[in-house]
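For the sequence shown, the tail end lands on 639 under this note's numbering, and the numbers increase by one without skipping. Backbone N, C-alpha and C define an ideal beta-carbon position, used for all residues, glycine too. What follows is a single structure, written as structure tokens, with notes after it.
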Amino acid sequence: MRQSFKAKRLAKHHKRFSSGSKLNLVSLMDIFTILVFFLIVNQSEVRVLQNTKELNLPISIAEELPAENTLITVLPKSIMIQDRVIWQQKSSLTELNTVIDEGLIKAINTELAYLATKRPVLTDNETENGRAVTIIGDATVPYQVLKQIMAACADSDYRNISLAVEQVAKSKINGG
């Protein structure tokens, strides 16, 4: 039996749309390409420590990357350990005399002892060098203040001390 032109067209149309939809791989490949480039661009060797607007880090040519460890933040009017304020005063640390009150040293020792009890088992490196701590402080903080904070850390068996600095590009160092 012969089909009419309209019947043939309807059969062809029905056959074409009943086969199911096909996946458009071009769009999918574009998305994955963008994702790969995003991951490549954001994969870097730079580690960013928490920084507040109040801090202006000292500049250095240090090449060693910071490690994830206990963080002591020295702000102009307060000191924080792991984002918890342990000491605060009305005047700025830059205005202090070379001797800091014993309350600060005691507060640092108490907080570091508390953090040490949260992780009592030491690795071999920590047994040999002491627990690790990074001090991030403003460039205007006097060295005498940092020295006393480091001494308090050493008293609490946090002897592996790092100072956070802002790394300068090598081209700036060489005058280029």
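Please classify residue 494 as buried or exposed, where buried requires at least 16 other C-beta atoms within 10 Å of its C-beta.
exposed
Per DSSP, what kind of secondary structure is residue 551 in: helix, strand or coil?
strand
Which one of 471, 579 and 539 has the shortest CA to CA distance from residue 532?
579
Taking residue 566 as part of the alpha helix (DSSP H), name the residues at either end of that continuous run.
565 to 581
Suppose you measure from the CA of residue 541 to the CA of residue 609; what does that come to, to the nearest Å?
13 Å
Segment limits, beta strand (DSSP E) that includes residue 595
595 to 600
Where does residue 561 sit, in a helix, a strand or coil, going by DSSP?
Caution is warranted here: a pLDDT of 43 is assigned to residue 561, below 50, making its placement in the model unreliable, and no coordinate value can be reported.
Quick one: what does DSSP say residue 619 is sitting in, helix, strand or coil?
coil
Return the chain-ordered list of same chain residues with a C-beta closer than 6 Å to the C-beta of residue 568, the five sequence neighbours on each side being excluded.
615
Can you give the beta carbon distance from residue 604 to residue 537, rounded, assuming they're within the 8 Å contact cut?
5 Å
When burial is assigned at 16 or more other CB atoms within 10 Å of the CB, is residue 574 buried or exposed?
buried
Would you call residue 566 buried or exposed, if buried means 16 or more other Cβ atoms sit within 10 Å of its Cβ?
exposed
Closest residue to residue 612 among 582, 581 and 544 (Cα-Cα distance)
544
Residue 627 beta carbon less than 8 Å from that of residue 704:
Absent from the structure is residue 704, since the part of the chain shown begins at 464 and ends at 639.
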